[in-house]
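**Student:** Throughout, this note's numbering is defined as the position within the sequence shown, counted from one, plus 32.
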Amino acid sequence: MDPFSDSGELYQLKQQFYAAKYNDLASANLEDLIFSNEENKYRAYQLQIRSLLALGKYDEAASEIAKVSVDEPLASEFKALQAYTDFLKNGKTKLEDLETLVSSNSDNETINLLGGLYYVTLEDFDSAISLLSSSQGFENISLLVYAHLLLNKTKEAAKILSNFSQISQDNVVFTLSQSWYDLIGFDESLKSAYYFYDELSSNENTVSTKNLLCLFISNMKLLHFPEAQDVLNKIAELGDEGVKDWKTHLLINRISFEILQGNEYKELLAELKRIDPTCGYLEDLKEKNQTFDSIVEKYAV
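(1) Are ILE267 and THR241 touching if we call contact CB-CB under 8 Å?
(2) Which residues bound the alpha helix (DSSP H) around SER250?
(3) Tell me, to the nearest whole angstrom, how far the beta carbon of TYR74 is from that of LEU106; I am working on the premise that it is less than 8 Å.
(4) Taking C-beta to C-beta, are ILE173 and PHE196 nearer than 8 Å?
(5) Our contact map puts SER194 next to SER166 with C-beta atoms below 8 Å; I'd like the distance itself, whole angstroms only.
(6) Taking the alpha-carbon of ASP91 as reference, which of ALA52, ASP262, ASP118, HIS281 has the nearest alpha-carbon?
(7) With three or more C-beta pairs closer than 8 Å as the rule, is the stretch 45 to 59 touching the stretch 109 to 125?
(8) Beta-carbon within less than 6 Å of LEU145's beta-carbon, same chain only, minus the 5 sequence neighbours each way: which residues are those?
(9) Since SER108 is in the alpha helix (DSSP H), which residue starts that stretch and which ends it?
(10) Excluding the 5 residues preceding and the 5 following ALA112 in the sequence, name in chain order all residues of the same chain whose CB lies nearer than 6 Å to its CB.
(11) Can you tell which of LEU245, ASN72, GLN198, ALA94 has its C-alpha closest to the C-alpha of ALA52?
(12) Going by DSSP, what residue range makes up the alpha helix (DSSP H) through LYS191?
(13) Can you round the beta-carbon distance between LEU149 and TYR116 to whole angstroms, since I take them to be within the 8 Å contact cut?
(14) On the CB-based measure, 16 or more other CB atoms within 10 Å of its CB, does GLN80 come out buried or exposed?
(15) Measure the Cβ-Cβ separation of SER209 and TYR226 and say whether it is below 8 Å.
(16) I think SER211 touches TYR229, with their Cβ atoms under 8 Å apart; what is that distance to the nearest whole Å?
(17) Look at the alpha carbon of ILE97 and the alpha carbon of LEU85, and state the distance between them as a whole number of angstroms.
(18) Mind checking which residues open and close the alpha helix (DSSP H) that includes PHE289?
(19) Hey, quick one: how far does the alpha helix (DSSP H) through ILE97 stretch, first residue to last?
(20) Less than 8 Å between the CB atoms is what I'm expecting for THR238 and GLN47, so what's the real figure, rounded?
(21) Below 8 Å on the Cβ atoms is my contact criterion, and I expect ALA76 with LEU42 to pass it. Report the Cβ-Cβ distance as a whole number of Å.
(22) Look at the Cβ atom of VAL177, then the Cβ atom of ILE192, and state whether they are nearer than 8 Å.
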């Protein structure tokens, strides 16, 4: 039986992870669960450790990794997971140990995925795409789609999704990847994203700040402002759930929301500068303001 199928014993844990319910998964007592084999047990621990990493709980993640004693190939996977934890904890700078592990184990789906996450975080997209393209793992393909979307290479992302759909159309990883692609579009594709995130956000098992944020974005792009405000209210109830990036993304999209409505947004911008002064949005805004100032100066002479 496929452990990630709808009837598989890892399905619920996998669903929690992809719904971004990291706190639930991080606090789960996996010792209470019965697994049919050791591999599934340690796959569950990997999901829990990755949830801790998403929450920025690097020391807790390292502590859980240290408890694991397994044979190959799982031993190398947990070694790579520890190296990835070190990378995140120590300022997200290049880490030769992780690169060496990834290079020598690129055919391992888990290590390939961790390498892809590492290179995407470093914004070394060429290395990420080259690495991920060599894997047929569903998560790996999903991250490959995401990397292309970050580069605004929508045609390439669409081609990967088309091939992906032939092997995994009913898989949660594929539907999530498709929703990312739909969310950046308009018209029918954007409506598809709206329905997808509306369904996730209406289910107690899959509602999360991350999914509500995507629902907010789809409502905003559809110019459904009252509905978007309702979603913002729900997000305020949940909070950022401990994930710093979500707070940054929420502020960026709230700024866009206020601009679209012709409202004041300086306080939101000031808050963004306070919590994440090096985010790409602020750098882009600074460049645009400098370009505008240079144009004004040119024609003012």
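Glycine residues also receive a C-beta, built at the ideal position from the N, C-alpha and C atoms.
**Tutor:** Straight from the coordinates:
(1) Contact: yes.
(2) First-last of the alpha helix (DSSP H) with SER250: 241 to 253.
(3) TYR74 to LEU106, Cβ: 5 Å. Contact.
(4) Yes, the Cβ-Cβ distance between ILE173 and PHE196 is below 8 Å.
(5) The pair is not a contact, with the Cβ atoms about 19 Å apart (cut-off 8 Å).
(6) Answer by Cα proximity: ASP118.
(7) Three or more beta-carbon pairs separated by less than 8 Å are not found between the stretch 109 to 125 and the stretch 45 to 59, which leaves the two stretches without contact.
(8) Sequence-distant partners of LEU145 (beyond 5 residues in either direction) whose C-beta falls short of 6 Å from its own C-beta, in its chain, are GLU171, ASN172.
(9) Its alpha helix (DSSP H) spans residues 106 to 121.
(10) Setting aside the 5 residues that flank it on each side, ALA112 is surrounded in the same chain by LEU133, ILE143, LEU146, each with a C-beta closer than 6 Å to its C-beta; the list follows chain order.
(11) Ranking the options by Cα distance to ALA52, first place goes to LEU245.
(12) It spans 186 to 200 - the alpha helix (DSSP H) in which LYS191 sits, taken as one unbroken run.
(13) Between TYR116 and LEU149 the Cβ distance is about 7 Å, and since that is below 8 Å, they are a contact.
(14) With 16 or more other Cβ atoms within 10 Å, it is buried.
(15) No, they are not a contact pair.
(16) Yes, they are in contact, since the Cβ atoms of SER211 and TYR229 sit about 7 Å apart, within 8 Å.
(17) A direct Cα-Cα distance of roughly 12 Å separates ILE97 from LEU85.
(18) First-last of the alpha helix (DSSP H) with PHE289: 276 to 292.
(19) Here the alpha helix (DSSP H) through ILE97 covers 90 to 98.
(20) Rounded, the Cβ-Cβ distance is 7 Å, consistent with contact.
(21) The Cβ separation is near 6 Å, so the contact holds.
(22) Yes. Within cutoff.
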